[in-house]
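For what it's worth, the working numbering labels the leading residue of the sequence shown as 103, then goes sequentially.
Virtual Cβ for every residue (Gly too), placed ideally from N, Cα, C.
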Amino acid sequence: MRILIVGHGVVGKNLEKELEVLHPDVIDKYKPEENKIAVKCDEPHYDMHYDIAFICVDTPIRTEEGVLCDTSEVKNAIMENEAEIYVIKSTVSPGTTEQLRVKTGKRIIFSPEYYGGTQHCNNFRFDFTILGGERKACIEVIQALQHVYDARHQFRITDSRTAELTKYMENSFLATKVSFCQQFYFIASEMDVDYEELRELFVLDPRVNPSHTFVDRMHPYWSSHCLDKDVPAIANAYKAPLLQEVIKFNENTKKCMQTIRGAEIPERMKNDMLMHQAGVMRKEILKDREAK
Numbered sequence: 103m104r105i106l107i108v109g110h111g112v113v114g115k116n117l118e119k120e121l122e123v124l125h126p127d128v129i130d131k132y133k134p135e136e137n138k139i140a141v142k143c144d145e146p147h148y149d150m151h152y153d154i155a156f157i158c159v160d161t162p163i164r165t166e167e168g169v170l171c172d173t174s175e176v177k178n179a180i181m182e183n184e185a186e187i188y189v190i191k192s193t194v195s196p197g198t199t200e201q202l203r204v205k206t207g208k209r210i211i212f213s214p215e216y217y218g219g220t221q222h223c224n225n226f227r228f229d230f231t232i233l234g235g236e237r238k239a240c241i242e243v244i245q246a247l248q249h250v251y252d253a254r255h256q257f258r259i260t261d262s263r264t265a266e267l268t269k270y271m272e273n274s275f276l277a278t279k280v281s282f283c284q285q286f287y288f289i290a291s292e293m294d295v296d297y298e299e300l301r302e303l304f305v306l307d308p309r310v311n312p313s314h315t316f317v318d319r320m321h322p323y324w325s326s327h328c329l330d331k332d333v334p335a336i337a338n339a340y341k342a343p344l345l346q347e348v349i350k351f352n353e354n355t356k357k358c359m360q361t362i363r364g365a366e367i368p369e370r371m372k373n374d375m376l377m378h379q380a381g382v383m384r385k386e387i388l389k390d391r392e393a394k
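Printed below as a string of structure tokens:
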């Protein structure tokens with residue numbers, strides 16, 4: 103079985119490690135020095151046709167052009183490489199996989215990825231794989247992946263649109279959770295409560311997953327390649343007011359930190375600036391209200 107990974111960024115590199123037993127070839131036209139092809143082009147009967155090609159290219163948001171999710175590299179990767187089945191790992195707008203399948207006539211499915219560049223992803227064991235699209239194609243991919251995982255690994259088959267939206271839902275939830283914890287960090291600071299102690303008590307509740315509850319005092323906002331592009335994309339595409347407010351809160355915090363970081367102003371004034379942008383009233387105001 104011949105496996106290809108197209109794109110060698112964070113997702114492609116992690117996937118290469120995960121699929122090591124399948125000895126995948128790797129192609130990245132922007133990083134040709136990292137290409138790994140088992141069969142050389144100058145060998146007799148050279149064939150670049152693969153059984154499965156995993157598409158791991160970037161899908162950036164281009165705000166200035168009004169493009170919420172640029173899938174041009176996904177389309178290029180599919181058209182430039184021959185495979186029986188294409189598995190899109192890149193985050194794409196809901197409906198993209200089906201549109202590409204109809205337009206190209208190729209067998210294309212979607213499978214969200216869970217890699218990242220921080221401990222918040224890398225310390226978790228994701229013992230499941232979601233595959234969205236034609237059931238027969240999904241099963242063929244599962245049969246290949248059964249050489250990678252043992253029988254405890256869960257495979258879930260759904261339609262491509264649901265699988266695509268799942269990825270946006272997960273990233274949006276994580277961003278919202280980060281902002282939620284940052285809001286309580288500001289509240290705790292205003293009340294002279296130690297956030298670390300507050301957080302430890304908060305996550306004792308088994309209904310609360312402790313992931314993404316840390317708050318970096320010098321960077322009390324989310325800023326990552328995936329969240330920065332995916333959350334605005336889904337929020338603006340569907341005019342989602344809650345997500346738009348989360349983005350606004352995050353951007354205001356980021357701008358405020360950029361203003362006060364390194365500024366020669368009293369520490370308390372820095373805190374007041376953050377409290378103000380976070381919508382946290384000072385204790386004196388609260389006391390006045392209680393008195394009334």
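For Ala337, the enclosing alpha helix (DSSP H) starts and ends at His327 to Ala339.
As computed with DSSP, Arg319 is found in no beta bridge at all. If you look at Phe156, you'll find it isn't in any alpha helix (DSSP H); it sits in the beta strand (DSSP E) that goes His151 to Ile157. The beta-carbon distance between Ser262 and Glu200, rounded to whole angstroms, is 5 Å. This is short enough to meet the 8 Å contact definition. Non-local beta-carbon contacts of Ile139 in its own chain, meaning distances under 7 Å to residues more than five positions away in sequence, involve Asp127 in chain order. When C-alpha distances from Ser326 are compared across Ile336, Leu276, Glu136 and Ala342, the shortest belongs to Leu276.
Within a 10 Å sphere around the beta-carbon of Leu344 sit fewer than 16 other beta-carbons, which makes this residue exposed. Between Tyr216 and the set Glu266, Phe228, Gln256 and Glu242, the nearest pair of CA atoms involves Phe228. Judged by DSSP in its simplified three-state form, Ala253 adopts coil rather than helix or strand. Taken through DSSP and simplified to helix, strand or coil, Val176 comes out as helix. By the CB criterion at 9 Å, Leu267 and Pro196 fall inside the cutoff. Three or more Cβ pairs closer than 8 Å define a contact, and the segment 234 to 243 meets that threshold against the segment 251 to 265.
Exposure of Lys119 is indicated by the presence of fewer than 16 other C-beta atoms within 10 angstroms of its C-beta. The residue from Glu175, Val310, Lys331 and His110 with its alpha-carbon nearest to that of Ile349 is Lys331.
In the DSSP secondary-structure assignment, Leu233 is bridged to Ile259. For Thr173 and Asp294, the gap between their C-alpha atoms comes out near 47 Å. The way I'd put it, the segment 179 to 186 does touch the segment 147 to 166; three or more beta-carbon pairs between them come closer than 8 Å. For Leu106, the enclosing beta strand (DSSP E) covers residues Ile105 to Val108. Using a 10 angstroms sphere on the CB of Asn352, the tally of other CB atoms reaches 16 or more, which defines it as buried. Counting along the chain, the unbroken beta strand (DSSP E) around Phe212 starts and ends at Ile210 to Phe212. For Ile349, the enclosing alpha helix (DSSP H) begins and ends at Pro343 to Ile362. Shown here for Ala246: same chain residues with a beta carbon closer than 8 Å to its own, the five before and five after excluded, namely Met103, Ile105, Leu124, Asp153 and Ile154 in chain order.
Shortest Cα-Cα distance from Val169 to any of Glu135, Glu184, Val194 and Asn183 involves Val194. For Glu118, the enclosing alpha helix (DSSP H) has its first and last residue at Val112 to Glu120. By the neighbour-count definition (other C-beta atoms within 10 Å, threshold 16), Gln360 is an exposed residue.
As DSSP reads the structure, Val194 sits in no beta bridge.
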